[in-house]
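*Asks:* I have a structure I would like to understand better, so I am pasting it below and will then ask my questions one at a time.
Number of protein chains: 2
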Amino acid sequence: MGSAETALALTLTARQASDFELLANGGFAPLGGYLGSEDHQSVCKNMRLTRGEIWPIPITLATDLECSVGDVIELSAPNGKQLGRLTVSEIFDRDVELEAEQVYRTTDSEHPGVAAIREEGARCLAGSIEADALPDHDEAFMRRYQTPAESKASFEERGWKRIVAFQTRNPIHRAHEYLTKAALEICDGLYIHPLIGETKKGDIPADVRMRCYEVLMDNYYHPDHVMLGVNPGKMHYAGPREAVLHAIIRRNYGCTHFIVGRDHAGVGDYYGTYDAQRIFDDIDISELGITPLFFEHTFWCHECEGMGSAKTCPHPQESHLFLSGTKVRELLEAGEKPPHEFSRDEVAQILIDAYANEEESATDG
Amino acid sequence: MGSAETALALTLTARQASDFELLANGGFAPLGGYLGSEDHQSVCKNMRLTRGEIWPIPITLATDLECSVGDVIELSAPNGKQLGRLTVSEIFDRDVELEAEQVYRTTDSEHPGVAAIREEGARCLAGSIEADALPDHDEAFMRRYQTPAESKASFEERGWKRIVAFQTRNPIHRAHEYLTKAALEICDGLYIHPLIGETKKGDIPADVRMRCYEVLMDNYYHPDHVMLGVNPGKMHYAGPREAVLHAIIRRNYGCTHFIVGRDHAGVGDYYGTYDAQRIFDDIDISELGITPLFFEHTFWCHECEGMGSAKTCPHPQESHLFLSGTKVRELLEAGEKPPHEFSRDEVAQILIDAYANEEESATDG
Numbered sequence: 001m002g003s004a005e006t007a008l009a010l011t012l013t014a015r016q017a018s019d020f021e022l023l024a025n026g027g028f029a030p031l032g033g034y035l036g037s038e039d040h041q042s043v044c045k046n047m048r049l050t051r052g053e054i055w056p057i058p059i060t061l062a063t064d065l066e067c068s069v070g071d072v073i074e075l076s077a078p079n080g081k082q083l084g085r086l087t088v089s090e091i092f093d094r095d096v097e098l099e100a101e102q103v104y105r106t107t108d109s110e111h112p113g114v115a116a117i118r119e120e121g122a123r124c125l126a127g128s129i130e131a132d133a134l135p136d137h138d139e140a141f142m143r144r145y146q147t148p149a150e151s152k153a154s155f156e157e158r159g160w161k162r163i164v165a166f167q168t169r170n171p172i173h174r175a176h177e178y179l180t181k182a183a184l185e186i187c188d189g190l191y192i193h194p195l196i197g198e199t200k201k202g203d204i205p206a207d208v209r210m211r212c213y214e215v216l217m218d219n220y221y222h223p224d225h226v227m228l229g230v231n232p233g234k235m236h237y238a239g240p241r242e243a244v245l246h247a248i249i250r251r252n253y254g255c256t257h258f259i260v261g262r263d264h265a266g267v268g269d270y271y272g273t274y275d276a277q278r279i280f281d282d283i284d285i286s287e288l289g290i291t292p293l294f295f296e297h298t299f300w301c302h303e304c305e306g307m308g309s310a311k312t313c314p315h316p317q318e319s320h321l322f323l324s325g326t327k328v329r330e331l332l333e334a335g336e337k338p339p340h341e342f343s344r345d346e347v348a349q350i351l352i353d354a355y356a357n358e359e360e361s362a363t364d365g
Numbered sequence: 366m367g368s369a370e371t372a373l374a375l376t377l378t379a380r381q382a383s384d385f386e387l388l389a390n391g392g393f394a395p396l397g398g399y400l401g402s403e404d405h406q407s408v409c410k411n412m413r414l415t416r417g418e419i420w421p422i423p424i425t426l427a428t429d430l431e432c433s434v435g436d437v438i439e440l441s442a443p444n445g446k447q448l449g450r451l452t453v454s455e456i457f458d459r460d461v462e463l464e465a466e467q468v469y470r471t472t473d474s475e476h477p478g479v480a481a482i483r484e485e486g487a488r489c490l491a492g493s494i495e496a497d498a499l500p501d502h503d504e505a506f507m508r509r510y511q512t513p514a515e516s517k518a519s520f521e522e523r524g525w526k527r528i529v530a531f532q533t534r535n536p537i538h539r540a541h542e543y544l545t546k547a548a549l550e551i552c553d554g555l556y557i558h559p560l561i562g563e564t565k566k567g568d569i570p571a572d573v574r575m576r577c578y579e580v581l582m583d584n585y586y587h588p589d590h591v592m593l594g595v596n597p598g599k600m601h602y603a604g605p606r607e608a609v610l611h612a613i614i615r616r617n618y619g620c621t622h623f624i625v626g627r628d629h630a631g632v633g634d635y636y637g638t639y640d641a642q643r644i645f646d647d648i649d650i651s652e653l654g655i656t657p658l659f660f661e662h663t664f665w666c667h668e669c670e671g672m673g674s675a676k677t678c679p680h681p682q683e684s685h686l687f688l689s690g691t692k693v694r695e696l697l698e699a700g701e702k703p704p705h706e707f708s709r710d711e712v713a714q715i716l717i718d719a720y721a722n723e724e725e726s727a728t729d730g
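Chains A and B supply the protein sequences, listed in that same order. In terms of the numbering used here, the first sequence opens at residue 1 and continues consecutively. In terms of the numbering used here, the second sequence opens at residue 366 and continues consecutively.
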């Protein structure tokens, strides 16, 4: 064991590769590797690393791979691409139930984040990583890929001082366009930063999603004030704790403000509507290094003749344009565009075409 | 001299009474009286009081009244109302030209602020004041009058933590409605806080202005998230320095955020479009105690089908609804409403009626 001829190797899962990527590209700064037992406990209980920095969700490497402290393990992506290596500094059993209770605020296995950590198991390897390469992504994502160093350089080049980041994993309809623009009004630039790591089943394909953003950028956002990047992170659905992680990642990408909507990074009924906003009340924003901007659900109001929210529009619900996700999907699948106050025609057309292709592929199959 | 029988008395000008009111009601905190020579110099040169706090425009009492240090001068409003008294701590000649250069950034007598301080003259009385009463205002203003202590209590009662203040001296059309609402989206409450002290000639009468705000509050703002108060301050037209003063006053009224638009508190071409925003770059916002929110000129865009700015709308000027002030006035005087994307019908109607009444009064006279 331990000789060059018998090098240890581990193929990461997609979720582990996502963590590796953010550790490697600086998105998880100040982290330089997978957490050990003390940091795991500290993050779960205090939302801080043992050395003091705010950190909301443990970044750990759970694996059954036989190894010893001091071993160097070669890491590869699910597709076999060599990524780099881990120098093992500790092998420990994390307290999965503590993590569920403290980070996810539930021990219910129906919660996708809790289910994921239980499935990964307790045994973890800690240690710093060395990166040779980053995981591959769909071409649609790669054409917009920037590391934190690259996005920071782009912002500086454009002279942006105040940059608001928008986290999304869906196409942008007018409600979200409105809140990104309301935030942009008080900033210099908007960084649309979709999460491209693993999400739940049934999500919209990469290329479709990206074309939805790009068509908006071509037609409804100002090129001098909006950039599109991608966040290789995965979803934990940890609600409030994940809102903080999302903010920290965007701070690392050079953003100064971060949009936090209702039930940010939530799933089901596990979190209160505003829990992911309230968590920031107990955080020193100057220590965090990025300012959260809190938004309500927004909508088109016929009486306002404009977009608004429960804070800015006084009119009754009957005046608001509301379409459920199911209704929107039904319309698009039938090849019909939702009202243009709900979704820009160009975005609707991309989604209509995507559903038609999906149908076609299904028929072909 | 100095005995009770020969009490010194001074009738303040409207501009001086405005300063007295903000000194007396806490709007000028931490100031408790008129500045002396050292503070005058320090404010002009360093934008700080001698004891260190940020203060942008000297608050001085220029008068030729014969008196001595230690005298107590009874102060009254222009209408004769007894307001309180000043205990004279210093009699000095302020450097009016220094004030013009440093505070107003011009020595041009065409500048209304510079003209005003030259007209007031150099000789000033410094000292702390004692207030028995506040100046009177039009009923339209008094029905919305709150002292800083009262507005703070109102915000607390409503549970507002983030309150954005909007300074205005004009009716609110859709452009300003939009930016107040964009700011409100990231706050809990909006404090519409029109300045009611002396402005330039030809401004819209108190009652008309207030009814324009009130009709918007009744129809387009949410009562749970918007309050209307009044700021008894006068205009200096000092651009950047005055933007800082406007922010400090609103901090004292309990607001956490303050809207700074293009050419805030500017006049003519004395200041660059963004000077009143850039001045905050050199100010420690946590020391200032209120966060400025910077906005561009906003407009309705036919292609966006919504409000936007040069930051959020990519479409050419032809797509934007633009009406000059002169054009709007012409329409209103002719009894015609501007497009509803420019001004809410209810606001337009109040202005149309006001112009009609003005005409009538002019004819009667």
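No residue lacks a Cβ here, since even glycine has one placed at the ideal position from N, Cα and C.
#1: Thinking C-alpha only, which one of A:Ile-59, A:Asp-138 and A:Phe-155 is nearest Ala-127 of chain A?
#2: Would you please verify whether the beta carbon of Cys-304 of chain A is less than 8 Å from any beta carbon of chain B?
#3: Relative to chain B, which residues along the stretch 175 to 186 of chain A have a C-beta separation below 8 Å, given in chain order?
#4: Whether or not the stretch 255 to 266 of chain A and the stretch 693 to 711 of chain B are in contact is what I'm after, with contact meaning three or more pairs of Cβ atoms, one per stretch, closer than 8 Å; do they touch?
#5: Under DSSP, the alpha helix (DSSP H) around Ser-89 of chain A begins and ends at which residues?
#6: In angstroms, rounded to a whole number, what distance separates the CA positions of Phe-393 of chain B and His-225 of chain A?
#7: On the CB-based measure, 16 or more other CB atoms within 10 Å of its CB, does Gln-317 of chain A come out buried or exposed?
#8: Got a sec, what are the start and stop residues for the alpha helix (DSSP H) Gln-381 of chain B sits in?
#9: Rank A:Gly-289, A:Gly-32, A:Ser-361 and A:Tyr-221 by C-alpha distance to the C-alpha of Val-89 of chain A and give the top, closest one.
#10: Taking C-beta pairs closer than 9 Å, name the residues in chain A that Leu-658 of chain B reaches, listed in chain order.
#11: Put Phe-531 of chain B into one of helix, strand or coil per three-state DSSP.
#12: Compare the beta carbon distance of Glu-495 of chain B and Arg-450 of chain B with 8 Å and say whether it is the shorter of the two.
#13: Please list the terminal residues of the continuous alpha helix (DSSP H) segment that includes His-405 of chain B.
#14: Could you check whether the Cβ of Gly-524 of chain B sits closer than 8 Å to any Cβ belonging to chain A?
#15: Measuring straight from C-alpha to C-alpha, what distance separates Ile-279 of chain A and Arg-241 of chain A?
#16: At a CB distance below 7 Å, what residues from the stretch 208 to 236 of chain A approach chain B? Give them in sequence order.
#17: Apply the 10 Å Cβ neighbour rule to His-538 of chain B and answer buried if 16 or more other Cβ atoms are within range, or exposed otherwise.
#18: How many Å lie between Val-43 of chain A and Val-96 of chain A at the Cα?
#19: Taking only runs of the alpha helix (DSSP H) that begin and end inside the stretch 301 to 339 of chain A, which ones reach a length of at least 4 residues, in chain order?
#20: Return the residue from the list A:Leu-65, A:Ile-57 and A:Ala-14 that minimises the CA-CA distance to Ile-8 of chain A.
#21: State buried or exposed for Gln-146 of chain A, treating a residue as buried only when at least 16 other CB atoms are found within 10 Å of its CB.
#22: Kindly give me the distance between the Cβ atoms of Thr-656 of chain B and Ile-650 of chain B, rounded to whole angstroms, as I take these residues to be in contact under 8 Å.
#23: Report yes or no: is there a C-beta of chain A within less than 8 Å of the C-beta of Gly-637 of chain B?
#24: At which residues does the beta strand (DSSP E) containing Met-592 of chain B begin and terminate?
#25: I'd like to know if His-340 of chain A contacts chain B, where contact means its C-beta is closer than 8 Å to some C-beta of that chain.
#26: For Thr-545 of chain B versus Leu-560 of chain B, is the C-beta spacing smaller than 8 Å?
#27: Taking 8 Å as the CB-CB cut-off, is Lys-337 of chain A touching chain B?
#28: I'd like to know if Ser-674 of chain B contacts chain A, where contact means its C-beta is closer than 8 Å to some C-beta of that chain.
#29: Counting only beta-carbon separations shorter than 8 Å, does Pro-240 of chain A have a partner in chain B?
#30: For chain B, is any of its Cβ atoms less than 8 Å away from the one on Leu-12 of chain A?
#31: In the DSSP assignment, find the beta strand (DSSP E) that holds Thr-415 of chain B and state where it starts and stops.
#32: Specify the secondary structure class of Ile-352 of chain A as computed by DSSP and reduced to three states.
#33: Tell me which residues share the same chain as Pro-588 of chain B and place their Cβ nearer than 8 Å to its Cβ, disregarding the 5 neighbours each side in the sequence.
#34: Ser-684 of chain B and His-667 of chain B look like a contact to me (Cβ under 8 Å); what is the Cβ gap, rounded to whole Å?
#35: List, from N- to C-terminal side, the alpha helix (DSSP H) runs of 4 residues or more that fit wholly inside the stretch 608 to 660 of chain B.
#36: Using the beta-carbon of each residue, which ones in chain E are nearer than 8 Å to Pro-314 of chain A?
*Replies:* In brief:
#1: In the sequence on display, residue 127 of chain A carries Gly and not Ala. Closest option to Gly-127 of chain A, Cα to Cα, is A:Ile-59.
#2: yes
#3: Tyr-178, Leu-179, Lys-181, Ala-182, Ala-183, Leu-184, Glu-185 and Ile-186
#4: no
#5: It is not in any alpha helix (DSSP H) - Ser-89 of chain A carries neither H nor E in the DSSP assignment.
#6: 37 Å
#7: exposed
#8: 379 to 390
#9: Just to set this straight, residue 89 of chain A is Ser in the shown sequence, not Val. Measuring from the Cα of Ser-89 of chain A, the nearest candidate turns out to be A:Gly-32.
#10: Glu-185 and Ile-186
#11: strand
#12: yes
#13: 402 to 411
#14: no
#15: 8 Å
#16: Tyr-220, Tyr-221, His-222, Pro-223 and His-225
#17: buried
#18: 13 Å
#19: 325 to 333
#20: Just to set this straight, residue 8 of chain A is Leu in the shown sequence, not Ile. That would be A:Leu-65, whose Cα lies nearest to the Cα of Leu-8 of chain A.
#21: buried
#22: 6 Å
#23: no
#24: 591 to 593
#25: yes
#26: no
#27: no
#28: yes
#29: no
#30: no
#31: Premise fails: Thr-415 of chain B is in no beta strand (DSSP E) and is neither H nor E.
#32: helix
#33: Met-582
#34: 5 Å
#35: 640 to 643 and 650 to 653
#36: Included in the structure are the protein chains A and B, with no chain E among them.
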